[in-house]
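Take a look at the structure below.
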């Protein structure tokens, strides 16, 4: 291919996220989602200059951005806030009415796009207790702008049956009505292997990333995938997008943390934090 | 008229075993860490920990055995990963699942003096199965089914603020989380503050008639942030995670309780 030296898989995921943002969209940022934050900023610096962000860290709405940072994220978000909200307002009225687009990172996803952020294994004797779903069980009852991303696509993530449902997928019309659910389910999913939607209530491959075979994507997914009629290769990031990411948006490489785990992740974290302390 | 300024240990004396204690701030931002340290020292047990998002000090409280029940929508250390002691002890804790809506509207119901607040949330998930106490209702106007989130009334709320006067009139800068609501809904409210001032400037976040104790606690949120005075001390949070990953929680806790190396940098 020769493309791997032009961009990394993190950069491709960021670019896919960026392309889902349209100019003047309101984009919500959760916590610990550097790939998403990088994607939103990339959109703002390219095709969507009027993008506005609703940020959890700092609890505000802002149209300014700063390079990704761990220690300085809060003060950067609060430097020029357009609006400061309490979570009484955010969860009670604001998010329902302004309906931002938001990318969530699930631990498990089923074929129709239900997802899990609460627990792995039996709920009462868990293999792994996860941090929890934040506002996902709320937002997926009403929002038409639910997006997903999975940095490490595997059969452990894409399962026929979830251990716990904390985010709602694409339901039958009758079921939605009975449960007063307005959300049509997740609109889009990007992983390190391809992009997908849930058209017709079944996870469907829209595009495979450069160098990734469709058979491999199917093999890494714990249930049969539907295929889009115009299945194609994911357009790679442009040279300008890669340059912006590496030099302007995330020079410390914080986005890479989402693909690492265990000791390697802690070592990378330490390196980033030391560089931040030195003033980067 | 006497003021409400007390020492940290006097303030902790307001907490009884079995209480529901609401901690202000968000995950790693403006958390009442100095209060949590004193609470662990006090050996009060069997607490229900209530937080919008629980982070560093909550994990220490869980690790130290102060907490029996957890009510939050997120318990973790954000980019630093899972909260190690919460993850380790999850099977032994009673976890009351919450979301942003159930916490916000539960407090709102309490503040409105009613039993519940309805919302379009949770349906189609497993949350209602593991929270059988949470009921659904039919809207009397549209017939739609909503979830009726029960009122939440903490026994004690602890809010760390940037500035307060001696009666507990305080301001918050930036991030509001659910702090104003917790302070109003709790039976008793404790303010810990970076600065004690004669008179605060700007829109107030707490009402003196609803505050019981005020504690001067400079750097009282460290190593979490207190915008705009100090940033999140990432190095310290990472040291905590590293210590736990080496199985050295007890050693870290001992240092934390000494308050020397930790919290004074």
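Protein chains in written order, with the working numbering: chain X, 1 to 280; chain B, 1001 to 1265. For every residue, glycine included, the Cβ atom is placed at its ideal position computed from N, Cα and C.
Original post:
Between residue 1261 of chain B and the rest of its own chain, which residues show a CB-CB distance below 7 Å, the 5 nearest in sequence each way excluded?
Top reply: Note that residue 1261 of chain B has pLDDT 45, beneath the 50 cutoff, so the model's placement of it is unreliable and the number below is only indicative. Taken in chain order, the residues that qualify are 1255.
**OP:** Examine chain B for any beta-carbon lying closer than 8 Å to the beta-carbon of residue 168 of chain X, and answer yes or no.
**Re:** yes
Subject >> Where residue 153 of chain X falls, given that 16 or more other Cβ within 10 Å makes a residue buried >> reply: buried
**OP:** Measuring alpha carbon to alpha carbon, tell me which of X/263, X/239, X/234 ends up nearest residue 1274 of chain B.
**Re:** Because residue 1274 of chain B is not part of the residues shown, which for chain B are 1001 to 1265, the question remains open.
Original post:
Taking buried to mean at least 16 other C-beta atoms within 10 Å of its own C-beta, is residue 93 of chain X buried or exposed?
Top reply: exposed
Original post:
Closest Cβ-Cβ distance between residue 83 of chain X and chain B: below 8 Å?
Top reply: no
Subject >> Nearest candidate by alpha-carbon position, reference residue 85 of chain X, set X/119, X/105, X/101, X/62 >> reply: Cα-wise, what sits closest to residue 85 of chain X is X/62.
Original post:
If you measure from the beta carbon of residue 1123 of chain B to each beta carbon in chain X, is any gap under 8 Å?
Top reply: yes
Subject >> Closer than 7 Å at the beta carbon, the chain B residues around residue 164 of chain X >> reply: 1126
Original post:
Does the beta carbon of residue 1087 of chain B sit closer than 8 Å to a beta carbon anywhere in chain X?
Top reply: Cβ-Cβ to chain X under 8 Å: yes for residue 1087 of chain B.
Original post:
What residues are listed by DSSP as bridge partners for residue 189 of chain X?
Top reply: X/148, X/196
Subject >> DSSP beta-bridge partners of residue 1187 of chain B >> reply: The partner list for residue 1187 of chain B (beta bridge, DSSP) is empty, contrary to what the question assumes.
**OP:** Return the first residue and the last residue of the beta strand (DSSP E) that residue 203 of chain X is part of.
**Re:** Here residue 203 of chain X belongs to no beta strand (DSSP E), and DSSP marks it neither H nor E.
Original post:
Excluding sequence positions up to five away, which residues of its chain have a Cβ less than 7 Å from the Cβ of residue 163 of chain X?
Top reply: 108, 116, 119, 120, 121
**OP:** Thinking residue 1174 of chain B and residue 58 of chain X are a contact (beta carbons under 8 Å), I'd like their distance in whole angstroms, please.
**Re:** 6 Å
Original post:
What's the C-alpha gap between residue 290 of chain X and residue 176 of chain X?
Top reply: Only positions 1 to 280 of chain X appear in this structure, which leaves residue 290 of chain X out of reach.
**OP:** Could you name the residues of chain X that residue 1209 of chain B contacts, counting a contact when the two beta carbons are closer than 9 Å?
**Re:** Under the 9 Å cutoff, chain X gives no residues; its nearest Cβ is about 20 Å from residue 1209 of chain B.
Original post:
Between the C-alpha atoms of residue 1223 of chain B and residue 1258 of chain B, what's the straight-line distance to the nearest angstrom?
Top reply: 15 Å
Subject >> Spatial neighbours of residue 277 of chain X in its chain, beta-carbon cut-off 7 Å, leaving aside the 5 residues before and after >> reply: For residue 277 of chain X, where only same-chain residues beyond five positions count, there are no Cβ hits under 7 Å.
Subject >> Opening and closing residue of the alpha helix (DSSP H) in which residue 1068 of chain B lies >> reply: No alpha helix (DSSP H) holds residue 1068 of chain B; the beta strand (DSSP E) holding it covers 1067-1072.
Original post:
Quick one: which chain X residues come within Cβ less than 7 Å of residue 1060 of chain B?
Top reply: Listed by position along chain X, the residues whose Cβ is nearer than 7 Å to that of residue 1060 of chain B form an empty set, because the closest Cβ is around 16 Å away.
Original post:
For residue 40 of chain X, which three-state DSSP category applies?
Top reply: helix
**OP:** Go ahead and label residue 16 of chain X buried or exposed: buried means 16 or more other beta carbons lie within 10 angstroms of its beta carbon, across all protein chains shown.
**Re:** buried
Original post:
So which of B/1145, B/1161, B/1129, B/1139 has the shortest CA-CA distance to residue 165 of chain X?
Top reply: B/1129
Original post:
Any residues in the region 120-153 of chain X with a beta carbon nearer than 9 Å to a beta carbon of chain B? Which ones, in chain order?
Top reply: 123, 124, 125, 126, 128, 129, 130, 131, 132, 133, 134, 135, 136, 137, 138, 139, 140, 141, 142
**OP:** Following the continuous alpha helix (DSSP H) through residue 1249 of chain B, name the residue where it begins and the one where it ends.
**Re:** 1249-1258
Original post:
Excluding the five sequence neighbours on either side, which residues of its own chain have a C-beta within less than 8 Å of the C-beta of residue 272 of chain X, listed in chain order?
Top reply: 70, 252, 253, 254, 257
Original post:
Using a Cβ cut-off of 9 Å, which residues of the region 1061-1074 of chain B contact any Cβ in chain X, in chain order?
Top reply: 1072, 1073, 1074
**OP:** Starting from residue 120 of chain X, follow the beta strand (DSSP E) in both directions and report where the run begins and ends.
**Re:** Looking at the DSSP string, the run of the beta strand (DSSP E) that includes residue 120 of chain X is 119-122.
Original post:
Closer than 8 Å, CB to CB, is residue 225 of chain X near chain B or not?
Top reply: Under the 8 Å criterion on CB atoms, residue 225 of chain X is classed as non-interfacial with respect to chain B.
Original post:
Using the rule of at least 16 other Cβ atoms within 10 Å of the residue's Cβ for burial, across every protein chain shown, is residue 237 of chain X buried or exposed?
Top reply: Here residue 237 of chain X is buried. Its C-beta has 16 or more other C-beta atoms within 10 Å.
**OP:** Within the same chain, show all residues whose beta-carbon is closer than 8 Å to that of residue 1232 of chain B, passing over the 5 residues directly before and after it, in chain order.
**Re:** 1028, 1029, 1223, 1224, 1225
Original post:
Can you tell me the Cα-Cα spacing of residue 1023 of chain B and residue 1157 of chain B, whole angstroms?
Top reply: 6 Å
**OP:** Identify, in the order they occur along the chain, each residue of the same chain with its Cβ nearer than 8 Å to the Cβ of residue 1014 of chain B, setting aside the five sequence neighbours on each side.
**Re:** Around residue 1014 of chain B: 1156, 1188, 1190, 1212, 1213.
Original post:
In its own chain, which residues sit with a C-beta less than 6 Å from the C-beta of residue 1075 of chain B, not counting the 5 before and 5 after it?
Top reply: 1054, 1083, 1086
Original post:
Would a check of beta-carbon distances place residue 181 of chain X closer than 8 Å to chain C?
Top reply: Looking at the structure shown, chain C is missing, and the protein chains on hand are X and B.
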